[in-house]
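See structure below.
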């Protein structure tokens, strides 16, 4: 049986005993039906992981933390995904798959064609939901660092402050620029910022604004991809070209 991996929001140390939160406890005890003595893996998002053992299977499960393992499963390519918020569970799916594909940071964006309205308490609740999706994806895919899911911003504000990455790319199906051309012109990047629109894509005005801020247009073939397909395809290509796929 696969050893369950559990995220701890509190810093971990070896030779200690910790109490898991109610969600993690419920998953271990009610869903997986684990009993005391079962092995676990714990990680706190700071890198590496710990061998552990379930010692108490109550409402708040208790775990004995054992040896530290310095396992690094992060990509050599530092990827930031900036993406327009989409409706329903599409955005949840994108966060999950982006985490599995090794992004370091996810920046949700309000764009001209974004139909999702969030503010105040509802925004904070949704942000917490997205962050939990990233944590759950790390538990599943064996990452030991949880990607940042940043508070949503309006695209113009984001573009004004975007910078620092070796490459800044915006998906644009009307360009002919390829990754090979970019690498030939600029060399191999260590960090990439990828900008993707919501349903309907970015407007012509938004694409032009991105180009004015030194984003390079990037095309993913002759077909128009759905909002949940485009970022996954782009991240996969970037990791294959310059990362660890």
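Numbering (this note's numbering), first residue to last: 55 to 299. Quick reminder that beta carbons are idealized off the backbone N, C-alpha and C, glycines included.
*asked:* Within 10 Å of its beta-carbon, does residue 98 have 16 or more other beta-carbons around it, so buried, or fewer, so exposed?
replied: Position 44 of the chain shown, counted from the start, is the residue given in the question as residue 98. So residue 98 counts as buried.
*Grab me the residues of residue 202's own chain with a C-beta within less than 6 Å of its C-beta, minus the 5 sequence neighbours each way, in chain order.*
The sequence position of residue 202 within the chain shown is 148, counting from 1. Excluding positions up to five away in sequence, the list reads 159.
_Among the candidates 92, 136, 263, 195, whose CA atom is the shortest distance from the CA of residue 205?_
Here residue 205 corresponds to residue number 151 of the chain shown, with the count starting at 1. For residue 205, the nearest C-alpha among the options comes from 136.
*Beta bridge counterpart(s) of residue 161 as assigned by DSSP*: Position 107 of the chain shown, counting from 1, holds the residue named residue 161. In the DSSP output, where bridge partners are listed per residue, residue 161 has 136.
*Expected contact under 8 Å - CB spacing of residue 107 and residue 118 to nearest Å*: Taking the first residue of the chain shown as position 1, residue 107 is located at position 53. Taking the first residue of the chain shown as position 1, residue 118 is located at position 64. Between residue 118 and residue 107 the Cβ distance is about 5 Å, and since that is below 8 Å, they are a contact.
*asked:* Quick check: the Cα distance between residue 71 and residue 192, rounded to an integer number of angstroms?
replied: Translated into positions along the chain shown, residue 71 becomes position 17. Translated into positions along the chain shown, residue 192 becomes position 138. Cα to Cα, residue 71 sits roughly 22 Å from residue 192.
*What residue from 181, 66, 87, 282 has the CA that sits closest to residue 95's CA?*
Residue mapping note: residue 95 aligns to position 41 of the chain shown, counting from 1. Among 181, 66, 87, 282, the Cα nearest to that of residue 95 belongs to 66.
*Indicate the three-state DSSP secondary structure (helix, strand or coil) for residue 269 in the structure shown.*
Along the chain shown, one-based indexing puts residue 269 at 215. Reduced to three states, the DSSP call for residue 269 is coil.
*Is it buried or exposed for residue 251, if we count other Cβ within 10 angstroms and need 16 for buried?*
For the purposes of this step, residue 251 is identified with residue 197 of the chain shown, where counting begins at 1. By the 10 Å Cβ count, residue 251 comes out buried.
*Helix, strand or coil for residue 249, going by three-state DSSP, please let me know.*
On the chain shown, residue 249 is found 195 positions in, with the first residue counted as 1. Collapsing the DSSP output to three states places residue 249 in a strand.
*Residue environment, residue 285, which counts as buried when at least 16 other CB atoms sit within 10 Å*: Along the chain shown, one-based indexing puts residue 285 at 231. That one is buried.
*Would you mind giving the Cβ-Cβ distance between residue 167 and residue 254, rounded to the nearest angstrom? I have them listed as a contact below 8 Å.*
Here the question's residue 167 lines up with position 113 in the chain shown. Here the question's residue 254 lines up with position 200 in the chain shown. Contact holds; Cβ gap of about 4 Å.
*asked:* Using only CA atoms, which one of 245, 249, 238, 242 lies nearest to residue 212?
replied: Residue mapping note: residue 212 aligns to position 158 of the chain shown, counting from 1. Of all alpha-carbon atoms in 245, 249, 238, 242, the one lying nearest the alpha-carbon of residue 212 is that of 249.
*Flag this pair as yes or no: are the beta carbons of residue 197 and residue 134 separated by less than 8 Å?*
As a first step, residue 197 must be located in the chain shown, where it is residue number 143. As a first step, residue 134 must be located in the chain shown, where it is residue number 80. Their beta carbons are not under 8 Å apart, which means residue 197 does not touch residue 134 by this criterion.
*How about residue 270 and residue 236: are their beta carbons less than 8 Å apart?*
Position 216 of the chain shown, counted from the start, is the residue given in the question as residue 270. Position 182 of the chain shown, counted from the start, is the residue given in the question as residue 236. In contact: residue 270 and residue 236 (Cβ atoms closer than 8 Å).
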